[in-house]
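Q: Before we start, here is the structure in question, set down as structure tokens.
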Amino acid sequence: MTALIDLLAELFSYSFIVRAMIVGVLVALCSALLGVTLVLKRYSMIGDGLSHVGFGTLAISMSLNLAPLRVAIPVMLLAAFVLLRVSENSKIKGDAAIALISSSSLAIGVIVVSLTTGMNTDVCNYMFGSILAMSRGDVYLSVTVAALVLILYVLSYNRIFAVTFDENFARGTGIKAGRYNALIAFLTAMVIVVGMRMMGALLISSLIIFPALTSMRVFSSFKRVVICSAVLSVVCFFVGIILSFALSTPVGASIVIINLAAFCLFWAAEKLGLRA
Amino acid sequence: MLTCRDVSLSYGGRTVVENVSFSVERGDYFCVVGENGSGKTTLMKGILGLLPLSGGRIEFQGVKRTEIGYLPQQTVVQRDFPASVREVVLSGRLNRCGLLPFYTRRDRACANDNLERLGISSEAGKSYRDLSGGQQQRVLLARALCAADKLLMLDEPVAGLDPVMASELYALLEKLNRDGMTLVVISHDLKSAVSYGKKILHMRRGALFCGSTDDYAKTDLYRFMSGMGGDGA
Chain A
1 MTALIDLLAE
11 LFSYSFIVRA
21 MIVGVLVALC
31 SALLGVTLVL
41 KRYSMIGDGL
51 SHVGFGTLAI
61 SMSLNLAPLR
71 VAIPVMLLAA
81 FVLLRVSENS
91 KIKGDAAIAL
101 ISSSSLAIGV
111 IVVSLTTGMN
121 TDVCNYMFGS
131 ILAMSRGDVY
141 LSVTVAALVL
151 ILYVLSYNRI
161 FAVTFDENFA
171 RGTGIKAGRY
181 NALIAFLTAM
191 VIVVGMRMMG
201 ALLISSLIIF
211 PALTSMRVFS
221 SFKRVVICSA
231 VLSVVCFFVG
241 IILSFALSTP
251 VGASIVIINL
261 AAFCLFWAAE
271 KLGLRA
Chain B
1 MLTCRDVSLS
11 YGGRTVVENV
21 SFSVERGDYF
31 CVVGENGSGK
41 TTLMKGILGL
51 LPLSGGRIEF
61 QGVKRTEIGY
71 LPQQTVVQRD
81 FPASVREVVL
91 SGRLNRCGLL
101 PFYTRRDRAC
111 ANDNLERLGI
121 SSEAGKSYRD
131 LSGGQQQRVL
141 LARALCAADK
151 LLMLDEPVAG
161 LDPVMASELY
171 ALLEKLNRDG
181 MTLVVISHDL
191 KSAVSYGKKI
201 LHMRRGALFC
211 GSTDDYAKTD
221 LYRFMSGMGG
231 DGA
């Protein structure tokens with residue numbers, strides 16, 4: 001026990017870890033909220049596609065010596081719009097089209113990197129994440145984005161539920177469903193931009209998908225699933241970051257592993273007949 | 001209450017509904033029948049504004065777009081959706097909320113009334129995905145009633161239900177109609193349409209028949225389609 005407390009005390013004595021904690025908790029919270037809708041609407045590939053586009057964008061902006069976020073934010077918002085269109089319009093080929101966009105942007109990023117800077121640590125960090133990546137500016141950005149996500153999510157919660165559960169009914173009774181789909185996609189893009197450099201482009205989408213899928217094993221009302229996802233996501237983030245510090249493992253991968261463990265636990269609980 | 005004039009709709013570049021005209025009066029039990037692919041659902045989506053019209057006009061009299069209840073066909077997404085019955089039924093009230101982000105006490109009371117009306121109050125806390133097909137359909141109907149004051153549009157309300165549940169649902173609809181609700185019901189079950197409906201629109205891209213149920217029952221079209229003799233049987 002004292003070992004754990006010592007570990008935590010040491011952890012919080014580093015300002016870069018405190019920054020990473022702040023950004024991480026906010027990103028984990030927001031992505032869990034958005035994830036419930038994305039998973040239920042079968043849009044989880046959008047999150048995956050966005051993170052790959054994010055890697056391509058970061059790689060290009062790095063090789064051009066541009067500020068990564070200034071390039072990434074507009075490109076990601078555009079990508080969110082395109083990916084949403086693709087998955088809405090052609091239901092059958094949507095997932096294939098998104099896979100095409102993801103792997104293409106990853107490939108473009110890798111080519112650009114190998115032609116310019118070469119595969120250095122920065123590139124590796126973009127792919128697998130780094131706890132050192134968070135600056136003071138990132139903290140401000142993540143607080144702004146998180147505040148935006150939380151306010152908009154709470155205010156549109158009932159409408160988001162309606163659009164997620166039954167888009168046709170929602171539209172038939174006068175809700176502008178397209179607006180809420182776009183809102184979800186844009187907010188997801190923003191959350192991915194903020195969280196990508198810490199979690200890694202290849203792993204950030206797990207923050208969106210895991211908590212929602214895990215909560216759905218056991219909880220059976222929308223509100224409970226949303227609340228459980230949010231709590232679970234933050235808890236998994238904390239455990240993951242402590243694990244990463246204790247074992248010197250990459251932070252993104254550690255968090256994903258903890259999420260996987262939580263999923264298995266909930267899955268077992270469901271098999272044992274535990275429902276709430 | 002609802003008038004369609006020469007309405008045409010296309011879907012995926014193909015004309016699915018062509019020059020259909022009819023009107024629904026207050027208190028009608030209006031059945032739209034036809035084979036699969038005859039454009040029934042597309043027509044209903046056109047009326048609800050979910051699909052753009054490629055021709056013609058639709059006019060509502062004495063009812064606003066936000067006062068129509070709609071019972072769509074179930075989607076794959078819904079079958080294992082983690083939502084409580086109350087959450088689903090309440091979402092029918094969203095069209096009354098205007099700019100308000102949350103439900104009022106009146107919305108909750110209305111949801112409770114409709115849960116009771118359909119005999120599913122005891123299920124309110126249960127999860128939608130744990131219910132039987134018949135009960136799920138009742139939940140969706142309760143949601144539609146929360147949205148509807150005067151006009152209810154139902155797309156294949158008994159699809160996937162066993163005969164007992166289907167006749168229970170028909171009895172419910174008849175009661176609603178007697179209480180003053182105007183119904184537009186899509187069905188491919190001709191016999192029940194004829195026995196419950198007041199007016200029939202028989203579609204095959206265009207309107208093959210539109211008029212009162214009694215007249216429809218006398219046509220060769222009905223005898224042929226329902227397999228009760230006539231030219232084809």
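Heads up: the sequence lines are chains A and B, in that order. If you use the working numbering, the first sequence closes out at 276, no skipped numbers anywhere. If you use the working numbering, the second sequence closes out at 233, no skipped numbers anywhere. Built from N, CA and C at the ideal position, the CB exists for glycine as well.
Might you give, ordered along the chain, the residues of its own chain that have their beta carbon closer than 6 Å to the beta carbon of Asn-177/B, omitting 5 neighbours on each side?
A: Only Tyr-29, Leu-183 meet the Cβ criterion.
Q: Going by CA-CA distance only, name the one from Leu-8/A, Thr-214/A, Leu-232/A that's closest to Lys-271/A.
A: Measuring from the Cα of Lys-271/A, the nearest candidate turns out to be Thr-214/A.
Q: Within a Cβ cutoff of 7 Å, which residues of the same chain sit near Met-190/A, ignoring the five residues on either side of it in sequence?
A: Excluding positions up to five away in sequence, the list reads Val-145.
Q: Of all the options Lys-198/B, Leu-90/B, Asp-179/B, Cys-31/B, which has the alpha carbon lying nearest to the alpha carbon of Asp-166/A?
A: Out of Lys-198/B, Leu-90/B, Asp-179/B, Cys-31/B, Leu-90/B has the C-alpha closest to the C-alpha of Asp-166/A.
Q: Using DSSP with H/G/I as helix, E/B as strand and the rest coil, what is Lys-271/A?
A: The answer is helix: DSSP assigns Lys-271/A an H, G or I state.
Q: Measuring only the C-alpha atoms, how far is Leu-131/B from Asn-259/A?
A: Spanning the two alpha carbons is a distance of roughly 30 Å.
Q: Can you name the start and end residues of the beta strand (DSSP E) that Ser-10/B belongs to?
A: Residues 2-11.
Q: Is the CB-CB distance between Ser-127/B and Ala-83/B below 9 Å?
A: Their beta carbons are under 9 Å apart, which means Ser-127/B touches Ala-83/B by this criterion.
Q: Beta-carbon within less than 6 Å of Met-216/A's beta-carbon, same chain only, minus the 5 sequence neighbours each way: which residues are those?
A: Excluding positions up to five away in sequence, the list reads Val-225.
Q: Is Glu-156/B close to chain A? Criterion is C-beta to C-beta, closer than 9 Å.
A: False, the Cβ-Cβ gap to chain A never drops below 9 Å.
Q: For the stretch 211-224 of chain A, enumerate the residues whose C-beta is nearer than 9 Å to any C-beta of chain B, in chain order.
A: Answer in chain order: Ser-215, Met-216, Phe-219, Ser-220, Ser-221, Phe-222, Lys-223, Arg-224.
Q: If the cut-off is 7 Å on Cβ atoms, which residues from the stretch 10-36 of chain B count as contacting chain A, listed in chain order?
A: Flagged: no residues at all.
Q: Start and end of the alpha helix (DSSP H) containing Tyr-128/B?
A: Here Tyr-128/B belongs to no alpha helix (DSSP H), and DSSP marks it neither H nor E.
Q: Can you tell me which of Ile-46/A, Ser-135/A, Phe-186/A, Leu-50/A puts its alpha carbon nearest to the alpha carbon of Val-23/A?
A: Comparing Cα-Cα distances from Val-23/A to each of Ile-46/A, Ser-135/A, Phe-186/A, Leu-50/A, the minimum goes to Ser-135/A.
Q: Run down chain B in chain order and give the residues with a C-beta less than 8 Å from the C-beta of Ile-175/A.
A: Going along chain B in sequence order, the residues near Ile-175/A (Cβ under 8 Å) are Leu-94, Asn-95.
Q: Should Ala-147/A be labelled buried (16 or more other beta-carbon atoms within 10 Å of its own) or exposed?
A: Exposed, because fewer than 16 other Cβ atoms sit within 10 Å of the Cβ of Ala-147/A.
Q: Checking 9 Å against the spacing of the C-beta atoms, do Val-39/A and Ile-208/A come in under that value?
A: Against a cut-off of 9 Å, the Cβ pair of Ile-208/A and Val-39/A comes out as a contact.
Q: Given that a residue counts as buried once 16 or more other Cβ atoms are within 10 Å of its Cβ, and exposed if not, what is Arg-65/B?
A: Result: exposed.
Q: Determine the extent of the alpha helix (DSSP H) in which Tyr-43/A is found, giving its start and end residues.
A: Taken as a continuous stretch (DSSP letters only), Tyr-43/A belongs to no alpha helix (DSSP H), as it is neither H nor E.
Q: Give me the residue from Phe-245/A, Ser-220/A, Thr-249/A with the minimum Cα distance to Asp-6/A.
A: Out of Phe-245/A, Ser-220/A, Thr-249/A, Phe-245/A has the C-alpha closest to the C-alpha of Asp-6/A.
Q: Looking at Phe-219/A: is its Cβ nearer than 9 Å to the Cβ of Arg-179/A?
A: No, Cβ-Cβ distance for Phe-219/A and Arg-179/A is not below 9 Å.
Q: Does the CB of Phe-102/B have a neighbour CB from chain A at under 9 Å?
A: Yes, its Cβ sits closer than 9 Å to a Cβ of chain A.
Q: Mapping DSSP to helix, strand and coil, what is Glu-10/A?
A: Note: Glu-10/A maps to helix in three-state DSSP.
Q: Label Ala-67/A either buried or exposed according to how many other C-beta atoms from any shown protein chain fall within 10 Å of its C-beta, with 16 as the threshold for buried.
A: With fewer than 16 other Cβ atoms within 10 Å, it is exposed.
Q: Is Glu-174/B close to chain A, meaning its C-beta is less than 9 Å from at least one C-beta of that chain?
A: No, Glu-174/B does not count as interfacial toward chain A.
Q: Using beta-carbon positions only, say whether Ala-72/A and Gly-49/A come within less than 9 Å of one another.
A: Taking 9 Å as the Cβ cut-off, Ala-72/A and Gly-49/A do not qualify as a contacting pair.
Q: Residues of the stretch 200-216 of chain B in Cβ contact with chain A at a cutoff of 9 Å, in chain order, please.
A: Under the 9 Å Cβ criterion, the stretch 200-216 of chain B contributes no residue.
Q: In terms of DSSP beta bridges, what is Gly-69/B paired with?
A: For Gly-69/B, which the question treats as bridged, DSSP gives the partners Leu-152/B.
Q: Please list the partners that Ala-162/A has in chain B, where partner means a Cβ-to-Cβ separation under 8 Å.
A: Within 8 Å Cβ-Cβ: Ser-91, Leu-94.
Q: Near Val-32/B, what residues of its chain come up, given a Cβ to Cβ distance below 6 Å and the 5 sequence neighbours on each side ignored?
A: Answer for Val-32/B: Lys-40, Ile-186, Leu-201, listed in chain order.
Q: Have a look at Ala-177/A and Arg-159/A and give me their C-alpha separation to the nearest angstrom.
A: So the alpha carbons of these two residues sit roughly 8 Å apart.
Q: Could you say which of Leu-4/A, Ser-51/A, Ser-13/A, Leu-26/A lies nearest to Ser-142/A if we only look at CA atoms?
A: Minimum Cα distance to Ser-142/A is reached at Leu-26/A.
Q: Would you mind telling me which residues of chain A sit closer than 8 Å to Arg-129/B, beta carbon to beta carbon, in chain order?
A: Those are Ser-220, listed as they occur along chain A.
Q: For Gly-55/B, which residues does DSSP report across the bridge?
A: BP columns for Gly-55/B point to Ser-8/B.
Q: Since Cys-282/A is in the beta strand (DSSP E), which residue starts that stretch and which ends it?
A: The first residue shown for chain A is 1 and the last is 276, placing residue 282/A beyond what the model contains.
Q: DSSP state of Arg-14/B, grouped into three classes?
A: Note: Arg-14/B maps to strand in three-state DSSP.
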